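2 protein chains.
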Amino acid sequence: MRSWLVLTDGFLTARNAKTAHGVIRYTSDRIAAIVDRDHAGSSLHAVMPELGRDAPVVASVQEGLQYAPTSLLLGVATPGGWIPEHWRAWVIEAIEAGLEIANGLHGFLNDDPELVPLATRHQARLWDVREPPAGIPLFSGKSLELDKRIVLTVGSDCAVGKMTAALELEAAGRAAGRSTEFIATGQTGILIAGRGIAVDRVISDFIAGAAEKLVLESSAESEVLVVEGQGSLWHPAYSGVTLGLLHGTAPEVLVLCHQAGRAAIEEPPYSTLPPLPEMIDVYQSMAATVRPAPVACVVVNCRGLDPGQARRTIEEVEDDTGLPAGDVFRGDAPKLWQAVDRRLAEIAG
Amino acid sequence: MRSWLVLTDGFLTARNAKTAHGVIRYTSDRIAAIVDRDHAGSSLHAVMPELGRDAPVVASVQEGLQYAPTSLLLGVATPGGWIPEHWRAWVIEAIEAGLEIANGLHGFLNDDPELVPLATRHQARLWDVREPPAGIPLFSGKSLELDKRIVLTVGSDCAVGKMTAALELEAAGRAAGRSTEFIATGQTGILIAGRGIAVDRVISDFIAGAAEKLVLESSAESEVLVVEGQGSLWHPAYSGVTLGLLHGTAPEVLVLCHQAGRAAIEEPPYSTLPPLPEMIDVYQSMAATVRPAPVACVVVNCRGLDPGQARRTIEEVEDDTGLPAGDVFRGDAPKLWQAVDRRLAEIAG
Chain V
174 MRSWLVLTDG
184 FLTARNAKTA
194 HGVIRYTSDR
204 IAAIVDRDHA
214 GSSLHAVMPE
224 LGRDAPVVAS
234 VQEGLQYAPT
244 SLLLGVATPG
254 GWIPEHWRAW
264 VIEAIEAGLE
274 IANGLHGFLN
284 DDPELVPLAT
294 RHQARLWDVR
304 EPPAGIPLFS
314 GKSLELDKRI
324 VLTVGSDCAV
334 GKMTAALELE
344 AAGRAAGRST
354 EFIATGQTGI
364 LIAGRGIAVD
374 RVISDFIAGA
384 AEKLVLESSA
394 ESEVLVVEGQ
404 GSLWHPAYSG
414 VTLGLLHGTA
424 PEVLVLCHQA
434 GRAAIEEPPY
444 STLPPLPEMI
454 DVYQSMAATV
464 RPAPVACVVV
474 NCRGLDPGQA
484 RRTIEEVEDD
494 TGLPAGDVFR
504 GDAPKLWQAV
514 DRRLAEIAG
Chain R
174 MRSWLVLTDG
184 FLTARNAKTA
194 HGVIRYTSDR
204 IAAIVDRDHA
214 GSSLHAVMPE
224 LGRDAPVVAS
234 VQEGLQYAPT
244 SLLLGVATPG
254 GWIPEHWRAW
264 VIEAIEAGLE
274 IANGLHGFLN
284 DDPELVPLAT
294 RHQARLWDVR
304 EPPAGIPLFS
314 GKSLELDKRI
324 VLTVGSDCAV
334 GKMTAALELE
344 AAGRAAGRST
354 EFIATGQTGI
364 LIAGRGIAVD
374 RVISDFIAGA
384 AEKLVLESSA
394 ESEVLVVEGQ
404 GSLWHPAYSG
414 VTLGLLHGTA
424 PEVLVLCHQA
434 GRAAIEEPPY
444 STLPPLPEMI
454 DVYQSMAATV
464 RPAPVACVVV
474 NCRGLDPGQA
484 RRTIEEVEDD
494 TGLPAGDVFR
504 GDAPKLWQAV
514 DRRLAEIAG
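As structure tokens, this is what we get:
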């Protein structure tokens, strides 16, 4: 059980604090305090009530130590993926206090010639969350023989809520009495689950092998694995990771995640997205090369819509696709889990 | 201009000497000699006439030195991707003779604590062909703005001849008076072209970025780039690399490569291949997210078929797909190039 000191300095409410927000919202660990000078003296609940959690917001790592943290989280995406220079003194303070440092950035703490010996001296663990484990094998097809049901969230684009959908469905399945397990494939998911592989950091020949390894090494007691998807088949920068994950995990049920109103991907080359029924066909047809995996439901992220608009949008998606739809951010996970569970029952039967 | 001493000891005629065979057949460098104890005293032409090239076959690196090589090629895929222990003495002899060592294996010579200082002392270059360059960027979409025509070979499976098709089409295009350039994306192609990136060795977040970099850094004088494809959308172990390359290079014309008679992929999970027209649809539909890229023709590898069977197979493929088909191993590259060139003319018009 960790106790997190979450460093977001200057970014607590920003979109690039996605990792911090995800961990705060979903970790089963304790949140000791938030370090953010812009909001110091306030509380997490006052600044971001939507995260559903409270903790003091403090101005420095030193000040945060009074809340008995075990770990410092570097939870903000930074330009170039490196630790900002002005955070460095704080990281050093945390190491000197014996805290574990959890780093979700591309740049690794364990490559830092100053921090590594300091951490050794203070017995502080440097956890580079994206660093893949050694010895990832090539894809073998063994995932097909695993006697567990495998569900994968897939998306129309990046940042539409694939991780959140997987976490919410896993929780809804557990609430419904199934032995579900969330399988993390990206840095935020790994911080939440405490394990996983950042598949986008693996050598590309081993994407599917890494995905398969995650499935094969799931907990012995899990019956249903809910795997966090990555990227989108329509996002050229990440489509390779998306397809490698789709094939490597060998899912039997897919959950399509979409941002309401998004007609094109949000980054260059801003490719136009096909209609939802076509996206469903493409994911199903690409999955089928390994085994059939019907899309069971559509998760619609209705961020920014009022309740009436959200309801109408979800109804439209249901009409367009003929599938149950809902927004996991608005409490629809139990309904969506039922759709997943019906598909799973069809496979078992 | 290199002069190759090709080390295939015990594998000269084996399928895992694919890299050696490719380099011998297509390099514009000189082949000094082959080191292979099983065939020593014979000639390359006598042992493998199909490679269309001659050189003495010798029993040792020492013996090969009399033919004035500049470079030793480790041209055989080995178990685990590491240099077999009994080759090590030969590599050391070659380094001591000042030869460049070209290594297409997964294991890198530049990670070897014994070979690196030895090579430094003898001013011998250790060329790890699969080692990606530093600083590969994320995909940006700039490949879409490049004023060059881009052709990509894609395949139904691995080892069906995508590299050979690209090399033969590039040569046929050049023979037809176009300024073509072969773009290498795998170790054998890189050894032949003298440059390129092994896209399967890149961190998976950067597959498309690496592919785009290759296209953007092509020679200024080239009008048409013929890019070597990798893997297959139906091979789960490599499909991520295939799609990343398809999106990252942003081709305008595709060439589908297929092995005659192959109905399923040759490795686990032995997925069934769809009919050729469906494969064409899937590649075209996946490419279209970046830009339209019709399949212009089908390259049919008729290995093992007699001339009559090959002719009938190719005619059947033409009937099934409505596209020109042919075998580049049997002299059909000029015909196939014409099909590519017609598509290119349609784009230009």
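One line per chain: the protein sequences are V and R, in this order.
Count along the first sequence from 1, add 173, and you get the number used in the working numbering.
Count along the second sequence from 1, add 173, and you get the number used in the working numbering.
C-beta atoms are modelled at their ideal positions from N, C-alpha and C, and glycine is treated no differently.
Quick caveat, the model's predicted, so the values are computed rather than measured.
Look at the beta carbons and you see the region 266-285 of chain R touching the region 225-245 of chain R: at least three pairs across the two are nearer than 8 Å. In its chain, beyond the 5 residues on either side, Ala-469, Cys-470, Pro-497 have a beta carbon closer than 6 Å to the beta carbon of V/Ala-512. Residues of the same chain with a CB within less than 7 Å of the CB of V/Glu-489, apart from the 5 flanking positions on each side, do not exist. It is roughly 7 Å from the alpha-carbon of V/Val-234 to the alpha-carbon of V/Glu-266. V/Thr-358 and R/Ala-338 have their C-alpha atoms spaced approximately 36 Å apart. In this structure, DSSP gives R/Val-372 a helical state, which the three-state scheme calls helix. In this structure, R/Thr-422 keeps its C-beta atom at 8 Å or more from the C-beta atom of R/Glu-390. Rounded to whole angstroms, the separation of the alpha carbons of V/Pro-222 and R/Thr-445 is 51 Å. With respect to R/Leu-288, R/Val-264 sits close: the two C-beta atoms are nearer than 8 Å. Comparing C-alpha distances from V/Val-455 to each of R/Thr-462, R/Val-196, R/Gly-225 shows the shortest one belongs to R/Thr-462. Between R/His-431 and chain V, the shortest Cβ-Cβ separation is not below 8 Å. Secondary structure at R/Ser-391: coil, using DSSP grouped into helix, strand and coil.
Inter-residue distance for R/Ala-348 and R/Glu-341 is about 10 Å (C-alpha atoms, whole angstroms).
Residues of chain R with a Cβ closer than 7 Å to the Cβ of V/Ser-329 do not exist; the shortest Cβ-Cβ separation is about 11 Å. Contacts between R/Ile-376 and chain V, judged by CB atoms closer than 8 Å, involve Asp-373, Arg-374, Val-375, Ile-376, Ser-377 in chain order. Contact of R/Leu-416 with chain V by beta-carbon distance below 7 Å involves Ser-412, Gly-413, Leu-416. Counting other Cβ atoms within 10 Å of its Cβ, V/Thr-293 stays below 16 and is therefore classed as exposed.
Selection R/Phe-281, R/Gln-457, R/Val-220 evaluated against R/Gly-183 yields R/Val-220 as nearest (Cα-Cα). A direct Cα-to-Cα measurement between V/Ser-405 and R/Ile-256 gives close to 38 Å. Distance from R/Thr-494 to R/Leu-449 at the Cβ level is roughly 5 Å; contact confirmed, criterion being Cβ atoms closer than 8 Å. If only complete runs of 3 or more residues are kept, the region 177-234 of chain R shows the beta strand (DSSP E) at 203-208, in order along the chain.
In this structure, DSSP gives V/Ser-352 a state outside helix and strand, which the three-state scheme calls coil. DSSP, read as helix, strand or coil, puts V/Ser-244 in strand. In the three-state reduction of the DSSP assignment, V/Ile-309 falls in the coil class. Here V/Ile-363 carries a helix assignment [DSSP, helix/strand/coil]. For V/Gly-328, the enclosing beta strand (DSSP E) begins and ends at 322-328. The Cβ atoms of V/His-279 and V/Arg-303 lie closer than 8 Å to each other. R/Glu-439 sits in coil when the DSSP states are folded into three classes, being neither helix nor strand.
For R/Gln-432, the enclosing beta strand (DSSP E) starts and ends at 426-432. R/Ile-207 and R/Arg-476 have their C-alpha atoms some 25 Å from each other. V/Glu-343 counts as buried, since at least 16 other C-beta atoms from the protein chains shown sit within 10 angstroms of its C-beta.
Against chain R, the beta carbon of V/Leu-317 has neighbours under 9 Å at Pro-441, Pro-442, listed in chain order.
Non-local beta-carbon contacts of V/Tyr-443 in its own chain, meaning distances under 7 Å to residues more than five positions away in sequence, involve Ala-437 in chain order. Not one beta carbon of chain V lies nearer than 8 Å to the beta carbon of R/Ala-437.
Taking the Cβ atoms as the reference, R/Leu-364 lies roughly 7 Å from R/Thr-192, within the contact range of under 8 Å.
Of all residues in the region 260-285 of chain V, none has a C-beta nearer than 7 Å to a C-beta of chain R.
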